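Have a look at the structure below before the remarks.
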Amino acid sequence: MDLEALLNYPRALPAMPRAVTELLGEMNKEEPSPKRVGELIGHDPALTTRVLRLSNSAFFRVSRKIGDADEAVAMLGMTHVRSLVMAAALGAGFKNVPGIDLRQFWRYSLRVADISKSLAGLLKQNQGLAFTSGLIHGIGILVMHIAMPDAMRVLDMGCSPLSLNRADAEKAQFGYSYADVGAGMVERWQFPPEIVSAMANQVAPFEGDAYDTLGGVLHLASWRARAEELQLDKQGLVATFPDMVGLTLGLDLDSVLGKDPTEWSFSQTIGIFTD
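Counting in UniProt numbering, the sequence shown runs from 1 upward without gaps.
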């Protein structure tokens, strides 16, 4: 299945609830209304529940409990609320994906989001965009497993979904990778162009004509999170560290490891995606 056919495959992309579609429309405006965003979240009880659970999870480390959607917007900001809305929608939309351990997938994605946010701060980049990009950077692999379960099952046997060379294996097999699929999805959902570009370039952020700093952040964050899932030791980390990406961003191995999450498991937060 080619990329265009995959992105048009009717059962592969989760249908966005009307509230989410309206929210994205409002948040994509030059000057979105926080009041309107809070109202739109509040119109969908299931969405409200998920957003508040995420807002109050240890992942965001808020100073006090957030009681409603308006408070979530005020305390976390528009970019993080966009992440919460999409995370809530994706968690509801991807409930059974052949060949994917969804608890592992969301744990990994939360790690990438946390590390991306920290690295962006180190590089004086937009941390909200980095967090959002990190959280959803891998959703293309879910779509691929839904649309092409048999082909993906064969690929998974030789290269696990969170392998360090997974994107290369997909590219060799299909001519595109989860990064291309994810970028196509978020472009259709009208995400900011910076996120679309970062997701498209995350595998090779500085090759050819590409020079994508946020893509580079995603590359390093996903490497680190995958290394943790694979339980690489110090020698393994040194051997697999993406030197050229790190060099381009001015980050060495110790700089990246210094931005590890304080909590690796995110056990309570994962349930919000899988319950």
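Even glycine gets a Cβ: it sits at the ideal position worked out from N, Cα and C.
None of the values given here were measured: they were computed from a predicted structure.
Span of the alpha helix (DSSP H) around residue i
| i | result |
| --- | --- |
| Gln268 | Ser267 to Thr274 |
| Trp106 | Leu102 to Leu122 |
| Ala167 | Arg166 to Phe174 |
| Met1 | It is not in any alpha helix (DSSP H) - Met1 carries neither H nor E in the DSSP assignment. |
| Ala204 | Here Ala204 belongs to no alpha helix (DSSP H), and DSSP marks it neither H nor E. |
| Gln235 | Lys234 to Thr240 |
| Asp180 | Tyr178 to Arg188 |
| Pro149 | Pro149 to Gly158 |
| Ile136 | Gln127 to Ile136 |
| Glu22 | Arg18 to Met27 |
| Glu71 | Ala69 to Leu76 |
| Thr248 | Asp243 to Leu249 |
Assigned secondary structure, residue i (DSSP; H/G/I helix, E/B strand, else coil)
| i | result |
| --- | --- |
| Val97 | coil |
| Ile41 | helix |
| Trp223 | helix |
| Ala210 | coil |
| Glu31 | coil |
| Glu194 | helix |
| Leu52 | helix |
| Ala254 | Sequence inspection shows Asp at residue 254; the Ala mentioned does not correspond to that position. Of the three classes helix, strand and coil, the one that applies to Asp254 here is helix, per DSSP. |
| Glu228 | helix |
| residue 293 | The structure shown has nothing for residue 293, since the chain only spans 1 to 275. |
| Ala46 | helix |
| Val85 | helix |
| Ala5 | helix |
| Leu218 | helix |
| residue 315 | This structure leaves residue 315 out entirely; the chain is present only between 1 and 275. |
| Thr262 | coil |
| Arg36 | helix |
| Ile66 | coil |
| Leu142 | helix |
**OP:** Take every Cβ of the region 160-174, pair it with every Cβ of the region 114-126, and state whether three or more of those distances are shorter than 8 Å.
**Re:** With the cut-off at 8 Å, the region 160-174 and the region 114-126 do not touch.
Subject >> Inter-stretch contact (C-beta, 8 Å, three-pair minimum) for the region 170-185 and the region 127-144 >> reply: Look at the beta carbons and you see the region 170-185 touching the region 127-144: at least three pairs across the two are nearer than 8 Å.
Original post:
Any contact of the region 21-33 with the region 236-249, i.e. 3+ C-beta pairs under 8 Å?
Top reply: With a cut-off of 8 Å, the region 236-249 and the region 21-33 do not count as touching, because too few Cβ pairs lie within range.
**OP:** Would you check if there are 3 or more beta carbon pairs closer than 8 Å linking the region 34-41 to the region 98-110?
**Re:** No: fewer than three Cβ pairs fall under 8 Å.
Subject >> the region 65-82 contacting the region 39-57, beta-carbon criterion three pairs below 8 Å >> reply: Contact holds: three or more Cβ-Cβ distances are below 8 Å.
**OP:** Would you check if the region 242-252 and the region 149-157 touch, i.e. whether three or more CB-CB distances between them fall below 8 Å?
**Re:** Flag = no, the region 149-157 and the region 242-252 do not touch.
**OP:** Decide yes or no for the touch test of the region 247-259 against the region 217-224: beta carbon pairs closer than 8 Å, at least 3 of them.
**Re:** Contact between the region 247-259 and the region 217-224 is established, with three or more Cβ pairs separated by less than 8 Å.
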